[in-house]
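Going line by line, the protein sequences match chains H and P.
Just so we're aligned: the first sequence equals residues 2 to 481 in our numbering.
Just so we're aligned: the second sequence equals residues 2 to 481 in our numbering.
We put the CB at the ideal spot given by N, CA and C, even for glycine.
Model, not experiment: these values are computed from the prediction.
Worksheet: the structure to be examined is printed underneath.
There are 2 protein chains.
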Amino acid sequence: MSEEMGLTVKKADDFSKWYLEVLQKSEVLDERYGVKGFVIYMPTGTFLLRRMQDIFEEGLQKTGHKAVIFPVVIPEKNLNKEAEHIKGFEDEVFWVTHGGKHKLEERLCLRPTSETAFYPMYSVWLRSHTQLPFKLYQAVSVYRAETKMTKPLIRGREFFWIEAHTAQKTFDDADKQVEEDMGIFEKGLSSLCLPFLLCQRPEWDKFAGAEKTSAYDVVLPDGKVLQIGTTHNLGEKFSKPFDIKYMDQNGKKIYVNQTTFGIGISRIMGALVAIHGDDKGLILPPAVAPTQIVIVPIYTAETKTKVMEKAGEILGRLEGKNLRVILDDREGKTPGFKFHEWELKGVPLRIEIGPRDLEKGQVVLTRRDFLERTSIAEEKLEEQALEVLDSIGFQLKKRADALLKITPAKTLKELKKALEEKGGFVHIDFCGNESCAKKIKEDAGAEVRGTIVGKKEPAKGECAVCGKKAVQKVYVARSY
Amino acid sequence: MSEEMGLTVKKADDFSKWYLEVLQKSEVLDERYGVKGFVIYMPTGTFLLRRMQDIFEEGLQKTGHKAVIFPVVIPEKNLNKEAEHIKGFEDEVFWVTHGGKHKLEERLCLRPTSETAFYPMYSVWLRSHTQLPFKLYQAVSVYRAETKMTKPLIRGREFFWIEAHTAQKTFDDADKQVEEDMGIFEKGLSSLCLPFLLCQRPEWDKFAGAEKTSAYDVVLPDGKVLQIGTTHNLGEKFSKPFDIKYMDQNGKKIYVNQTTFGIGISRIMGALVAIHGDDKGLILPPAVAPTQIVIVPIYTAETKTKVMEKAGEILGRLEGKNLRVILDDREGKTPGFKFHEWELKGVPLRIEIGPRDLEKGQVVLTRRDFLERTSIAEEKLEEQALEVLDSIGFQLKKRADALLKITPAKTLKELKKALEEKGGFVHIDFCGNESCAKKIKEDAGAEVRGTIVGKKEPAKGECAVCGKKAVQKVYVARSY
């Protein structure tokens, strides 16, 4: 709904400014709501959010997860039940204290995550080994009173995610759930054309209350990484304080082992915009684009009827292929204006049709990734359109893959150099001590993101920081 | 997830108790969360909510409304801008006062409705007459600190709705929006098999800040009515304090006229459960049932392979017709147990198949509304299944229509008698004065719901309460 078109800054010149401008001008969201860390999802952003939600929910449902919706508020006494958990969240929960003019008997927090909402009920619901594995999820907004600088979609006080909460018999079963989650995550990210790295976080960087935290990172164009999802093996950390037991075949009551899987929809949307976009605006992967194809008719007064007739016919044919297509028949806007607007909004494929094309029995395709124009025979339109959309997905993934750099380094100096010159991840031998991780943070402003989940990478040399014997290979990156 | 099956109370004996029991046992929701007025939507409830949301969103999108998502919090200063509005809501908003251990600079309320969230942005976004009509909506939860007794889905402190907010040039244009809304509402309710009455509310019962309020009521089995939706013509009541203007063709700046349309998804779900269910449990209209058809195979050890093979084939055939079908192949549960469970959960159609059916080339259909069993030729299965599902929708609507009683009355005594004996609406001549409405409330515990929207019903006689000259015919009902 902004009148001024076009971006004023190049992505390579000032990524941060470009990112904010593209979000606002392409109508993904509006950050002028006036409350720190809260943004408005505009129609494009709302569509993306819902479509991404559908993609990940499909994966969850296929693996036997069922959807529920829990209340947005959690009573203070629930939040306090697991000691590490409350310690991790007490500084960043929003408190509801009053209803109308009356003080509430008990403070309620807006859910920052929902372990302490779900698990009192798991204690009621779970009885028998026949109910395991037990898998629920909800797709909701969560709330954290971030004190750091906020950035739309990347660090907000309200963000949208899907959180799955499971209960299994054993710790190993919970580990297997992490593997299943990875499959769901990988499939979803693949249709968004986004590559990621899954690391098991070091001890000092685990989720508050988890035995193990595995986390999904993407690399943004400025070389910094963004955590967009996590799976936590909670072991019995929550089942003990919340008294969640099942009865085994011998009638013995046993604590369940649990996992939490968080899919950061808002952050994934941020990554999608940041990674695929260019100096002309958004570039949306066909799988999630609200409009996959726009048809722009080009005509004069004499040729209008004929061109519009053909444009209408083409619209019908493409809709018949279940594509999301718009025919931009606005009067009083030039084709050039329309081209710019749809480029800004990231529509993957544009079809132009004018009187000369009519005569030649052709149409002109322009793909948003390369902005290449090609004339094709009109009769091959459907086939070609589907092929180009596929190819755009492939090319976006290829470009994004190039951002996910992994550079080896042997010393702290090399590590810093790699981070500055290349960004992404740096791969080092590491002693495993938090003190060395702190030194990396101080000297290079980077974090140890952990070891790759499900891949053995034994270290043979010395720790890149302290020079003592290394026990593992870890990935280091600067992060949001 | 409850182990105890079957309802312990009959709908006609104790509607209120039956309602709570059916919600819990059929796993629509769980009200044991432990915070007054906040419930958990279980898998069936979550499916119903989403499906109903889809149905109404389709209607909104077809009429040019676009989806957005606004923050859940509204700053106190926004809420205070329209005087009547804040007066209407100040006693029932939840206040967020702290982030972590810090007091917020400004209190934020959880949206009780979102006029004061949307309209500051409308003032930013709206510039020109070419943008009108301007139509946005969001499907979200809203929050009200109800002090009255809460009842799941019917009166809660957190409920789900869709709210559309529009801007038009004139007051008449806004009235036309009310008509469009009615079309959307009617179409949605029709696929849920629910009849309703749309009344323009009397002056003293308008939405806080509206010029006119039109509201959609259904009649529940206890004869009381439930408001499940509203459209408000706000006129310039909000555009003035929020400074929302457009420039007309002559360059003149003019305040827009606005409407708010609220579709009470939670309440509609409550009505759906309450109106269609019976002593065996839920009865779900096929359009929204998570499972439309359940196949129950009946076999012995010898006949199992053959029966299961056929059952699997039938499952595939019905899924091929885009139906939501489950094959209940659980071992260790008797067919009788399965029948009861799926009846409790309201699955519209059950298909039984046993060895004798196999021999005869038939299957047995049992429809959930009449619990009638019919054998049909297996080759006609798809055709018959679709026909029965249609017929169930039709019969549910017919039953519901019978609840929506409208009884004429000439005196307060007749009015009370009609309310007690028949319930639903009572149709009276009315003087139009609030004092008479108060008398109806005191003597009969009922409210004047208003006049029918878009239908002229001039009154010729005397007011049923005071005997003075009547100016209108109104509908009176006891309400939730």
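Which two residues bound the contiguous alpha helix (DSSP H) that contains residue i?
i	result
H:Phe90	84–90
H:Pro336	336–345
P:Pro482	Here chain P covers residues 2 to 481 and nothing more, so residue 482 of chain P does not appear.
P:Gly271	266–277
H:Glu421	413–422
P:Glu77	77–80
In the DSSP output, which residue or residues are listed as bridge partners for residue i?
i	result
P:His233	P:Thr214, P:Thr261
P:Trp162	P:Val141
P:Gln473	P:Phe431
H:Asp31	H:Ile41
H:His99	H:Lys104, P:Trp96
H:Tyr20	BP columns for H:Tyr20 are empty, so no partner.
H:Glu448	H:Ala478
H:Gln25	H:Gln25 is not bridged to any residue.
H:Tyr256	H:Lys246
H:Gly228	Reading off the sequence shown, one finds Gln at residue 228 of chain H, where the question assumed Gly. DSSP output for H:Gln228 lists H:Asp218 as bridge partner(s).
P:Leu404	For P:Leu404, which the question treats as bridged, DSSP gives no partner whatsoever.
P:Gln169	P:Asn258
Which two residues bound the contiguous beta strand (DSSP E) that contains residue i?
i	result
H:Pro113	It is not in any beta strand (DSSP E) - H:Pro113 carries neither H nor E in the DSSP assignment.
P:Pro356	No beta strand (DSSP E) contains P:Pro356, which is instead part of the alpha helix (DSSP H) from 356–361.
P:Met248	246–248
P:Leu1	The question about residue 1 of chain P has no answer, for chain P in this structure spans 2 to 481.
P:Arg374	373–378
H:Val326	326–328
P:Val308	From DSSP, P:Val308 is part of no beta strand (DSSP E) but of the alpha helix (DSSP H) over 305–320.
H:Val295	294–298
If you compare alpha carbons, which of the options is closest to residue i?
i	options	result
P:Leu137	P:Ala118, P:Arg145, P:Thr148, P:Thr167	P:Thr167
P:Arg479	P:Cys467, P:Ala445, P:Asp330	P:Ala445
P:Ile41	P:Ser267, P:Met248, P:Glu458	P:Ser267
H:Ile441	H:Val348, H:Tyr476, H:Glu422	H:Tyr476
P:Gly424	P:Arg51, P:Gly224, P:Leu405	P:Gly224
P:Arg374	P:Lys381, P:Leu366, P:Val36	P:Leu366
H:Lys286	H:Arg400, H:Val73, H:Thr412	As written in the sequence, residue 286 of chain H is Pro, which differs from the Lys given in the question. For the residues H:Arg400, H:Val73, H:Thr412, the minimum Cα distance to H:Pro286 belongs to H:Arg400.
H:Thr171	H:His66, H:Arg158, H:Phe135	H:Phe135
P:Glu237	P:Ala175, P:Pro459, P:Ala290	P:Ala175
H:Phe239	H:Gly451, H:Thr231, H:Phe208	H:Phe208
H:Val326	H:Glu116, H:Ala290, H:Gly337	H:Ala290
H:Ala386	H:Phe262, H:Val297, H:Gln293	H:Gln293
H:Ala216	H:His428, H:Arg202, H:Leu273	H:Arg202
P:Val125	P:Leu50, P:Ile245, P:Ile70	P:Ile245
P:Leu190	P:Val226, P:Ile155, P:Gly230	P:Gly230
Under the rule that 16 or more other beta-carbon atoms within 10 Å means buried, what is residue i, buried or exposed?
i	result
H:Gly184	exposed
H:Thr114	buried
H:Gln250	exposed
H:His103	exposed
H:Ala13	exposed
H:Gly333	exposed
H:Arg357	exposed
P:Glu4	Here P:Glu4 scores only 45 on pLDDT, less than 50, and its place in the model should not be relied on; the value that follows carries that caveat. Classification of P:Glu4: exposed, given that the 10 Å Cβ count is below 16.
P:Asn482	This structure gives no information on residue 482 of chain P, because the portion of chain P shown stretches from 2 to 481.
P:Asn81	exposed
H:Gly60	buried
H:Asn323	exposed
H:Arg331	exposed
_Near-chain H residues of the region 72–104 of chain P - C-beta to any C-beta below 7 Å_ = Pro72, Val73, Val74, Pro76, Glu91, Asp92, Glu93, Val94, Phe95, Trp96, Val97, Thr98, His99, Gly100, Gly101, Lys102
*Using a Cβ-Cβ cut-off of less than 8 Å, list which residues of the region 249–264 of chain H approach chain P; keep chain order.*
none
*Within 9 Å of chain P by C-beta, residues of the region 152–164 of chain H in sequence order*: Arg158, Glu159, Phe161
_Short of 9 Å Cβ to Cβ, which residues in the region 209–224 of chain P face chain H?_
none
*asked:* Under 8 Å, CB to CB, which of the residues in the region 31–44 of chain H have a partner in chain P?
replied: Asp31, Arg33, Tyr34, Gly35, Val36, Phe39, Val40, Ile41, Tyr42, Met43, Pro44
*Near-chain H residues of the region 163–194 of chain P (beta-carbon distance less than 8 Å), N- to C-terminal order*: none
*Mind listing which residues of the region 315–340 of chain H have their C-beta closer than 8 Å to chain P's C-betas, in chain order?*
Within the region 315–340 of chain H, no residue has a Cβ that lies closer than 8 Å to any Cβ of chain P.
*Between the region 383–404 of chain P and chain H, which residues of the former have CB atoms less than 7 Å from a CB of the latter, in chain order?*
Within the region 383–404 of chain P, no residue places its CB atom closer than 7 Å to a CB of chain H.
*According to a CB-to-CB cut-off of less than 8 Å, which residues of the region 289–315 of chain P neighbour chain H?*
none
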